[in-house]
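Below: the structure, in C-alpha coordinates.
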Amino acid sequence: MKNINSTKPNPNLTDIMILIIRVFAGLSMLTHGIPKLETLVTSNQIQFMNFLGMGSIFSMVLVVLAEFLCSLFIIFGLFTRVACIPLMIAMLVACFVAHGSDTYKEQELSVLYFFIYFVILILGSGKFSLDQLITKKEEAY
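Going by UniProt numbering, the sequence shown opens with residue 1, and the numbers climb by one from there.
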(Lines of atoms letter the chains of each structure in order from A and count residues from 1; the text may use other names and numbers.)
(Lines give C-alpha, C1' and ligand atoms only; values in the text may rest on other atoms or scores of the structure.)
Protein backbone atom coordinates (compact mmCIF):
# COMPACT_ATOMS: atom_id res chain seq x y z
CA MET A 1 0.00 0.00 0.00
CA LYS A 2 1.81 3.09 -1.24
CA ASN A 3 -0.56 5.65 0.19
CA ILE A 4 -2.36 4.92 3.44
CA ASN A 5 -5.04 7.47 2.51
CA SER A 6 -5.87 5.69 -0.76
CA THR A 7 -9.53 4.72 -1.14
CA LYS A 8 -8.77 1.83 -3.51
CA PRO A 9 -8.77 -1.62 -1.90
CA ASN A 10 -5.56 -3.60 -2.07
CA PRO A 11 -6.43 -6.63 -4.24
CA ASN A 12 -3.69 -8.70 -2.62
CA LEU A 13 -5.18 -8.22 0.84
CA THR A 14 -8.90 -8.35 0.03
CA ASP A 15 -9.13 -12.14 -0.29
CA ILE A 16 -6.98 -12.63 2.80
CA MET A 17 -9.27 -10.33 4.80
CA ILE A 18 -12.36 -12.17 3.54
CA LEU A 19 -10.77 -15.44 4.68
CA ILE A 20 -9.96 -13.99 8.11
CA ILE A 21 -13.50 -12.62 8.53
CA ARG A 22 -15.04 -15.94 7.42
CA VAL A 23 -12.91 -18.04 9.76
CA PHE A 24 -13.32 -15.68 12.71
CA ALA A 25 -17.11 -15.42 12.29
CA GLY A 26 -17.50 -19.16 11.80
CA LEU A 27 -15.35 -20.16 14.75
CA SER A 28 -17.00 -17.55 16.97
CA MET A 29 -20.47 -18.82 16.08
CA LEU A 30 -19.39 -22.41 16.75
CA THR A 31 -18.96 -21.42 20.40
CA HIS A 32 -22.73 -20.88 20.42
CA GLY A 33 -23.69 -23.77 18.15
CA ILE A 34 -21.68 -26.59 19.76
CA PRO A 35 -23.29 -26.24 23.23
CA LYS A 36 -26.74 -26.20 21.61
CA LEU A 37 -25.84 -29.31 19.59
CA GLU A 38 -24.64 -31.05 22.77
CA THR A 39 -27.87 -30.10 24.54
CA LEU A 40 -29.93 -31.34 21.60
CA VAL A 41 -28.12 -34.69 21.53
CA THR A 42 -27.80 -35.39 25.26
CA SER A 43 -30.70 -33.67 27.01
CA ASN A 44 -34.06 -35.28 27.70
CA GLN A 45 -35.75 -31.99 28.51
CA ILE A 46 -35.01 -29.23 26.04
CA GLN A 47 -36.03 -25.75 27.10
CA PHE A 48 -35.80 -23.57 24.04
CA MET A 49 -37.84 -20.84 22.41
CA ASN A 50 -40.90 -22.11 20.51
CA PHE A 51 -40.58 -19.87 17.47
CA LEU A 52 -43.70 -19.63 15.28
CA GLY A 53 -45.34 -22.50 17.14
CA MET A 54 -43.12 -25.14 15.50
CA GLY A 55 -42.17 -26.66 18.84
CA SER A 56 -39.10 -26.02 20.91
CA ILE A 57 -37.20 -29.11 19.67
CA PHE A 58 -37.76 -28.26 16.00
CA SER A 59 -36.81 -24.64 16.65
CA MET A 60 -33.61 -25.77 18.34
CA VAL A 61 -32.78 -28.12 15.44
CA LEU A 62 -33.10 -25.19 13.04
CA VAL A 63 -30.83 -23.02 15.18
CA VAL A 64 -28.28 -25.84 15.54
CA LEU A 65 -28.26 -26.33 11.77
CA ALA A 66 -27.64 -22.62 11.32
CA GLU A 67 -25.13 -22.05 14.11
CA PHE A 68 -23.18 -25.29 13.70
CA LEU A 69 -23.48 -26.57 10.13
CA CYS A 70 -23.65 -23.20 8.37
CA SER A 71 -20.71 -21.98 10.45
CA LEU A 72 -18.64 -24.91 9.18
CA PHE A 73 -19.67 -24.08 5.61
CA ILE A 74 -18.59 -20.48 6.10
CA ILE A 75 -15.25 -21.47 7.65
CA PHE A 76 -14.41 -23.67 4.67
CA GLY A 77 -15.98 -21.33 2.14
CA LEU A 78 -18.49 -23.89 0.89
CA PHE A 79 -21.89 -22.61 -0.25
CA THR A 80 -20.88 -19.47 1.62
CA ARG A 81 -23.58 -17.08 0.46
CA VAL A 82 -26.33 -19.64 0.98
CA ALA A 83 -24.94 -20.50 4.44
CA CYS A 84 -25.13 -16.84 5.48
CA ILE A 85 -28.91 -16.67 5.03
CA PRO A 86 -29.95 -19.09 7.85
CA LEU A 87 -27.42 -17.44 10.16
CA MET A 88 -28.77 -13.98 9.35
CA ILE A 89 -32.31 -15.18 10.02
CA ALA A 90 -31.21 -16.79 13.30
CA MET A 91 -29.55 -13.54 14.37
CA LEU A 92 -32.66 -11.51 13.55
CA VAL A 93 -34.79 -13.94 15.58
CA ALA A 94 -32.27 -13.82 18.43
CA CYS A 95 -32.30 -10.03 18.40
CA PHE A 96 -35.97 -9.25 17.91
CA VAL A 97 -37.71 -12.31 19.37
CA ALA A 98 -35.48 -13.99 21.96
CA HIS A 99 -34.03 -10.67 23.16
CA GLY A 100 -36.84 -8.45 21.90
CA SER A 101 -37.61 -6.94 25.29
CA ASP A 102 -33.95 -6.67 26.32
CA THR A 103 -31.77 -3.61 26.07
CA TYR A 104 -29.50 -3.04 23.09
CA LYS A 105 -26.60 -4.24 25.22
CA GLU A 106 -28.10 -7.76 25.18
CA GLN A 107 -29.07 -7.49 21.49
CA GLU A 108 -25.73 -6.12 20.33
CA LEU A 109 -23.96 -9.44 19.72
CA SER A 110 -26.69 -10.77 17.45
CA VAL A 111 -26.76 -7.46 15.55
CA LEU A 112 -22.98 -7.61 15.06
CA TYR A 113 -23.16 -11.20 13.84
CA PHE A 114 -25.98 -10.26 11.47
CA PHE A 115 -23.91 -7.53 9.84
CA ILE A 116 -20.80 -9.71 9.62
CA TYR A 117 -22.84 -12.36 7.79
CA PHE A 118 -24.37 -9.65 5.62
CA VAL A 119 -20.88 -8.50 4.59
CA ILE A 120 -19.87 -12.10 3.83
CA LEU A 121 -23.08 -12.54 1.82
CA ILE A 122 -22.24 -9.48 -0.29
CA LEU A 123 -18.49 -10.16 -0.70
CA GLY A 124 -18.75 -13.91 -1.20
CA SER A 125 -16.20 -16.47 -0.06
CA GLY A 126 -13.17 -15.04 -1.83
CA LYS A 127 -10.24 -16.74 -3.51
CA PHE A 128 -9.29 -18.93 -0.54
CA SER A 129 -12.41 -21.11 -0.38
CA LEU A 130 -13.92 -24.37 -1.54
CA ASP A 131 -16.42 -22.31 -3.53
CA GLN A 132 -13.49 -20.98 -5.58
CA LEU A 133 -12.20 -24.51 -6.25
CA ILE A 134 -15.65 -25.67 -7.34
CA THR A 135 -16.19 -22.61 -9.53
CA LYS A 136 -12.78 -23.09 -11.18
CA LYS A 137 -13.63 -26.71 -12.02
CA GLU A 138 -17.05 -25.73 -13.40
CA GLU A 139 -15.51 -23.01 -15.55
CA ALA A 140 -12.95 -25.48 -16.93
CA TYR A 141 -15.68 -27.68 -18.44
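All residues carry an ideal CB built from backbone N, CA and C; glycine is no exception.
Just so you know, these numbers come straight off a predicted model, no measurement behind them.
Alpha-carbon to alpha-carbon, residue j and residue i
i	j	result
F118	A90	13 Å
residue 142	H32	In the structure as shown, the chain starts at 1 and stops at 141, and residue 142 therefore has no counterpart that could be examined.
M88	N5	33 Å
V61	L40	8 Å
F115	Q45	33 Å
K137	S129	13 Å
P11	F76	21 Å
A94	S101	11 Å
I57	E38	13 Å
V111	N3	33 Å
F24	G53	33 Å
Y113	A98	15 Å
L123	L13	14 Å
K8	G55	49 Å
K105	F96	13 Å
Q107	L92	10 Å
C84	S71	8 Å
T103	L109	12 Å
M17	V63	27 Å
Residue i and residue j closer than 8 Å at C-beta
i	j	result
L27	G126	no
S59	N50	yes
I120	T80	yes
L65	P86	yes
F68	L30	yes
D15	L78	no
Classification of residue i by the beta-carbon crowding that lies within 10 angstroms, buried from 16 upward
i	result
L133	exposed
V82	exposed
Closer than 8 Å to chain D by CB, residue i
i	result
Q132	Note that chain D does not occur in the displayed structure, where there is just one protein chain.
Inset, instruction - Within the stretch 17–105, note down every full alpha helix (DSSP H) run reaching 4 residues or more, in order along the chain. - result: 56–64, 71–76, 80–93
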